[in-house]
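Residue numbers (our numbering): 3 to 378.
Quick reminder that beta carbons are idealized off the backbone N, C-alpha and C, glycines included.
In this text the structure is predicted, and so the values were computed from the model without any measurement.
What follows is a set of notes on a single structure, which appears directly below.
This is how it looks when you write it as structure tokens:
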């Protein structure tokens with residue numbers, strides 16, 4: 003398993019660059035579309051990045067998917083979460099019923115979900131499980147059973163998981179990206195469900211960046227002052243154990259099954275050359291872990307919402323991406339992904355459908371003086 007992961011990381015390093023010719027052709031087309039240069043701002047950047055990923059100037063993101071990794075975290079027994087772990091169970095089931103925040107959006111926009119039990123603590127009815135990620139050429143509508151344990155161990159007292167478990171979760175995420183690619187989806191989003199995972203994310207982020215717990219710890223789902231103080235202490239102590247460890251060791255020491263699997267999903271997106279959307283705080287920390295393991299992964303990442311968790315900005319700045327919108331969201335689940343998909347689809351539509359100056363019979367000479375003076 004570790005050998006296979008190393009092969010994948012090496013492949014991303016060797017072949018994970020953006021397609022240079024397609025990128026240059028996309029930039030050239032943006033310059034002749036009927037608008038002032040740069041007038042569509044970030045939408046232009048998105049369309050150019052999409053070209054670099056696919057090798058084609060014109061792209062479609064009609065078929066969309068979100069992978070949701072569900073798992074519980076043993077550190078919850080320390081009182082660092084405001085919600086009970088039964089919520090992880092309920093929401094994992096509700097994803098399949100399209101009753102949650104992200105799944106209701108997915109239902110509205112025709113987005114398929116792949117819900118993975120990577121380590122939910124409480125038992126899920128066997129009738130809701132499947133042992134295949136796909137069915138009839140699409141992602142399964144059931145819960146894919148990859149349960150590694152009934153949640154992780156308490157990271158405040160011992161390593162959250164073994165290295166073998168971390169590797170298994172990472173490979174599960176890579177397999178999920180492969181399933182998305184094999185089914186012909188054009189774009190992937192990565193979300194999660196797991197009570198206590200803002201604590202695990204803060205631990206991983208502190209270990210990866212050297213930031214203090216005060217920098218990266220927030221109130222999660224609504225923690226009170228006493229709980230917040232305890233959370234800061236636990237994160238500081240846990241992150242200090244990670245000095246000198248590699249990324250997999252850090253994830254095993256203080257991460258969660260969900261974060262490990264999400265890290266794998268981002269790596270898989272890079273390996274299979276899929277554009278992939280980063281959701282909120284937990285998703286951004288997993289994306290950072292993936293980028294630290296294979297730097298070219300960043301070429302395939304797209305932002306979504308500005309998370310209310312204070313560590314989010316540290317994570318995306320360390321990655322080198324930015325959020326596309328701020329709606330005050332702090333839900334998780336991958337809830338920023340459907341909105342981001344629509345932004346990316348808009349960017350592709352302008353690249354695909356907008357007329358050039360010649361096609362629109364527009365004399366663009368008036369723009370030359372502005373461009374020379376850099377007035378845009």
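Measuring CA to CA, which of the options is closest to residue i?
{"i": "residue 153", "options": "92, 259, 181", "result": "259"}
{"i": "residue 122", "options": "37, 226, 150", "result": "150"}
{"i": "residue 227", "options": "130, 356, 84", "result": "84"}
{"i": "residue 289", "options": "310, 311, 275, 264", "result": "264"}
{"i": "residue 321", "options": "350, 364, 210, 331", "result": "210"}
{"i": "residue 144", "options": "115, 359, 5, 310", "result": "115"}
{"i": "residue 136", "options": "38, 118, 128, 342", "result": "118"}
{"i": "residue 138", "options": "157, 176, 177, 181", "result": "181"}
{"i": "residue 354", "options": "61, 29, 17, 27", "result": "61"}
{"i": "residue 103", "options": "345, 331, 361, 360", "result": "331"}
{"i": "residue 234", "options": "81, 352, 133", "result": "81"}
{"i": "residue 190", "options": "18, 272, 312", "result": "272"}
{"i": "residue 64", "options": "98, 348, 224", "result": "348"}
{"i": "residue 7", "options": "173, 203, 311, 223", "result": "173"}
{"i": "residue 14", "options": "360, 351, 207, 294", "result": "294"}
{"i": "residue 230", "options": "219, 239, 240", "result": "219"}
{"i": "residue 165", "options": "363, 4, 342", "result": "4"}
{"i": "residue 10", "options": "319, 176, 68, 339", "result": "176"}
{"i": "residue 54", "options": "178, 74, 21, 34", "result": "21"}
{"i": "residue 179", "options": "302, 78, 243", "result": "302"}
{"i": "residue 304", "options": "31, 314, 346", "result": "346"}
{"i": "residue 74", "options": "66, 58, 92", "result": "92"}
{"i": "residue 68", "options": "106, 87, 133", "result": "106"}
{"i": "residue 343", "options": "89, 25, 360, 111", "result": "111"}
{"i": "residue 311", "options": "12, 170, 224", "result": "224"}
{"i": "residue 120", "options": "101, 156, 71", "result": "71"}
{"i": "residue 267", "options": "296, 246, 240, 88", "result": "296"}
{"i": "residue 57", "options": "24, 49, 31, 36", "result": "24"}
Which first and last residues belong to the alpha helix (DSSP H) in which residue i is found?
{"i": "residue 106", "result": "103 to 111"}
{"i": "residue 329", "result": "No alpha helix (DSSP H) holds residue 329; DSSP gives it neither H nor E."}
{"i": "residue 32", "result": "22 to 34"}
{"i": "residue 17", "result": "4 to 17"}
{"i": "residue 313", "result": "313 to 321"}
{"i": "residue 47", "result": "44 to 56"}
{"i": "residue 91", "result": "88 to 99"}
{"i": "residue 343", "result": "339 to 355"}
Considering only DSSP beta bridges, list what residue i is partnered with.
{"i": "residue 147", "result": "119"}
{"i": "residue 140", "result": "137"}
{"i": "residue 131", "result": "145"}
{"i": "residue 304", "result": "279"}
{"i": "residue 184", "result": "According to DSSP, residue 184 bridges with nothing at all."}
{"i": "residue 114", "result": "67"}
{"i": "residue 358", "result": "35"}
Is residue i near the ligand SAM - that is, is its Cβ less than 6 Å away from at least one heavy atom of it?
{"i": "residue 38", "result": "Within the structure as shown, the ligand SAM is missing, as the structure has no ligands at all."}
Let's see if you can read the secondary structure: which residues bound the beta strand (DSSP E) around residue i?
{"i": "residue 71", "result": "66 to 73"}
{"i": "residue 193", "result": "189 to 195"}
{"i": "residue 278", "result": "278 to 280"}
Chain B beta carbons: is any one of them nearer than 7 Å to that of residue i?
{"i": "residue 35", "result": "Going by chain labels, chain B is absent from the structure shown, which holds only one protein chain."}
Check whether the stretch 243 to 259 touches the stretch 176 to 190, counting contact only when three or more Cβ pairs, one atom from each stretch, lie closer than 8 Å.
no
The stretch 188 to 199 in contact with the stretch 325 to 343 per 3-pair CB rule at 8 Å:
yes
Entirely within the stretch 199 to 270 and at least 4 residues each: give me those alpha helix (DSSP H) ranges in chain order.
199 to 211, 215 to 218, 227 to 242, 249 to 256
Cβ contact check for the stretch 203 to 217 and the stretch 125 to 133: 3 or more pairs under 8 Å
no
For the stretch 197 to 206 and the stretch 273 to 286, state whether three or more C-beta atom pairs, one from each stretch, are separated by less than 8 Å.
yes
Cβ pair count under 8 Å reaching 3, the stretch 36 to 48 against the stretch 350 to 364:
yes
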